[in-house]
Amino acid sequence: MKKIIALVLCAVMLLSFCACANTAKKLTKAEVESALSGCDGVLEAKGKEDNVKSFTFTMTDVSAEDLSDSDFLQDAFTQTILHDAFKMSGASSREIKAGKTRVPVNCIFFLIAGEDDLPSIADLSEMAVNIISKGETIERNGWKLSATIDQKNDSVTFKVKK
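Per the working numbering, the sequence shown starts with residue 500, numbered consecutively.
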């Protein structure tokens, strides 16, 4: 009798785990393409047209060394935000190149997080630094976002998967 009860409980737990695994926000290829259309890079999506399972976005022509330096990257984000918002010319070409990596992180974050999770610009910049320079992974609505810096090819690849 105890074995039957244990077996039934295991089956119920297994079914609940399976149900939780499919709770990730559903994304279409068109939504992913649209979200990243203003970013310089190469998108590779896997899955069906109406149900993307994972995607990568690779940016080339960036300095891997600069992206690995979290202090430099945070400063680059600040300088490029000021440059874009106020047309200030204080950002160097290195900072502008590094600062452009913030945009895909923001676009992907808003795509997977949804309207209810709207952090401040400062929080978005800090999150981007943590993902790019420090190798952290964030998770929102069943999706995981991480980044890998390729030192040899001076590129960064953002990986998003359920």
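Glycine included, every Cβ here is placed at the ideal spot set by N, Cα and C.
Residue i vs residue j beta-carbon contact at 9 Å
i    : j    : result
V655 : T600 : yes
L581 : F608 : no
C606 : G546 : no
Segment limits, alpha helix (DSSP H) that includes residue i
i    : result
E543 : Not the alpha helix (DSSP H): E543 falls in the beta strand (DSSP E), residues 541-547.
V531 : 528-534
V628 : 620-631
Length of the line joining the Cα atoms of residue i and residue j
i    : j    : result
P603 : G589 : 22 Å
F657 : K524 : 18 Å
E635 : M558 : 18 Å
D649 : A563 : 7 Å
K661 : E638 : 9 Å
S624 : D653 : 21 Å
S569 : D616 : 24 Å
N550 : K528 : 7 Å
S591 : D560 : 15 Å
P618 : A544 : 26 Å
V659 : W642 : 7 Å
I631 : E548 : 28 Å
E614 : D622 : 16 Å
Enclosing beta strand (DSSP E) for residue i [first to last residue]
i    : result
S592 : Premise fails: S592 lies in the alpha helix (DSSP H), 592-598, not in any beta strand (DSSP E).
E638 : 637-639
A646 : 642-649
N550 : 550-558
F561 : It is Val, not Phe, that sits at residue 561 in the sequence shown. Segment: none, V561 is in no beta strand (DSSP E) and carries neither H nor E.
For residue j and residue i, believed in contact at Cβ under 8 Å, the rounded distance
i    : j    : result
L542 : F554 : 6 Å
A627 : F576 : 7 Å
Q573 : E594 : At roughly 11 Å, the Cβ-Cβ gap does not stay under 8 Å, so Q573 and E594 are not in contact.
F556 : L535 : 6 Å
I611 : N640 : 6 Å
Residue burial classification, residue i (beta-carbon count within 10 angstroms, cutoff 16)
i    : result
G598 : buried
K552 : exposed
K651 : exposed
G540 : buried
S533 : exposed
K596 : buried
Closer than 8 Å: residue i CB and nearest the ligand COA heavy atom
i    : result
L566 : The ligand COA is absent from the structure shown, which contains no ligand whatsoever.
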